[in-house]
Amino acid sequence: MPQHLLASTVQYVKKAALSLGAIKDRALRDRSVLFTDRAGHAVVSGALALSAITGGVVTAAPIQAAFADSAAVQEVADRPEPIAEANVPAPLTYGQDVSNYQPDHDWEASSAQFGIIKATEGLSFRDSSFARHWKELADKGIVRGAYHYGHPANDPIAEAEHFLSVVNSQPAKPGDLLVLDLETTDGRSVAEVNAWAKKWLAHVKAKTGVTPIFYSGWYFADTYGKGLQDYPLWVAHYGKPKGEVTAPADWKNWTIHQYSDSPVDQNVANLTPDELRALGRPA
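Numbering follows numbering that gives the first Met the number 0, in which position 196 of the sequence shown is assigned residue number 195; successive positions increment by one, without gaps.
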């Protein structure tokens, strides 16, 4: 076999072998390496046989070099690929919320890492269980919060002041959360309900230095919550598994998801307990 023809054959085998390193699919790469290796052996074996018949001279050096390159590619192919860092979601923080409908809720036995309780409603209602729940949450040492159930038929500033007077009548702790629960329109328009919420939230923030959390059902928040994205969202959506809810209206994300009301209202926060505390009263 002429030397120049053998050289071309060797170069072909080398190029085929070296190109295998670019194949991403490991199974395909392994099969390709095997095929190239076998094909190369067949070509060179044929060359040696032909050389014996014709009396041509074939040296072993270029052939050995070609298969050395092929073996090197196989070695690289056999190396384990780096394992990408897993995209593990952040753990959710479990919490519960109650009102006078659960006056005997046992916080000591609860596994909740945060608890939010009803303090007030409208212009004058004060939850009869608020003081007891508030103290038990302090004794347990978990994140706690108080909420006001709003009625857009009333003056928002007057309702905000009623809420603050009740909450401030109890000992405060750094990290206490303040919440507006808005679920009714009282016959007001979308624009009126939205404006009412903005006034209540802004007033509480101005008086306390705390950015209140806005609570509502998903569809209510999507309709009446436009422009409230600067306030952390606590959204009720029982049709979704815990933590698997999209944010409504203008919010980029939710802060707390209420996913069940049995046996009590159950929630998860996408923040750690310390991050939740950072949303509450300053130290």
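Each residue gets a CB set at the ideal place from its N, CA and C atoms; glycine is no exception.
Supposed close pair residue i, residue j - CB separation, criterion 8 Å
i	j	result
Ser123	Asn99	With a Cβ gap of about 15 Å, Ser123 and Asn99 do not count as contacting.
Asp283	Ala118	Given a span of 0 to 282 for the chain in the structure shown, any question on residue 283 remains unanswerable.
Tyr146	Asp180	5 Å
Val178	Gly144	6 Å
Trp250	Ala235	In fact, because the Cβ distance is near 14 Å, the residues do not count as touching under 8 Å.
Trp106	Gly149	In fact, because the Cβ distance is near 25 Å, the residues do not count as touching under 8 Å.
Gly242	His256	6 Å
Glu182	Phe219	6 Å
Beta-carbon proximity check, residue i vs residue j, cutoff 8 Å
i	j	result
Gly114	Ile141	yes
Ala196	Leu163	no
Tyr93	Ala108	no
Arg280	Ala171	yes
Gly224	Pro240	no
Ala268	Leu91	yes
Leu232	Thr210	no
Asn266	Tyr258	yes
Pro151	Glu120	no
Ile212	Leu278	yes
His132	Val263	no
Thr222	Val189	yes
Ala130	Gln169	yes
Pro173	Ala89	no
Three-state secondary structure (DSSP) of residue i
i	result
Ala41	Its pLDDT being 46, under 50, Ala41 is placed unreliably by the model, and the measurement read from it follows with that caveat. Three-state DSSP puts Ala41 in a helix.
Leu278	coil
Asp273	helix
Leu19	Below a pLDDT of 50, predicted positions are generally treated as unreliable, and Leu19, at 41, falls in that range; the measurement from the model is reported next regardless. It is helical.
Trp106	coil
Val146	Note that residue 146 is Tyr in the sequence shown, not Val. It is a strand residue.
Leu91	coil
Asp96	strand
Val234	strand
Val267	strand
Thr53	For Thr53, the pLDDT reaches just 44, beneath the cut-off of 50, and the residue's location in the model is therefore unreliable, leaving the point undetermined.
Phe124	strand
Span of the beta strand (DSSP E), counted from its first residue to its last, around residue i
i	result
Asp138	Counting along the chain, Asp138 falls outside any beta strand (DSSP E), though it belongs to the alpha helix (DSSP H) covering Phe129 to Lys139.
Ser259	Ile255 to Ser259
Thr119	Phe113 to Glu120
Val263	Unbroken run through Val263: none, as it is neither H nor E.
Proximity test, residue i beta-carbon vs the ligand FMN heavy atom, cut-off 7 Å
i	result
Phe113	Of ligands this structure carries none, so the ligand FMN is not represented either.
Inset, instruction - Could you tell me which uninterrupted beta strand (DSSP E) segments, each at least 3 residues in length, are contained entirely in the region 149 to 230, listed from first to last along the chain? - result: 176 to 180 and 212 to 216
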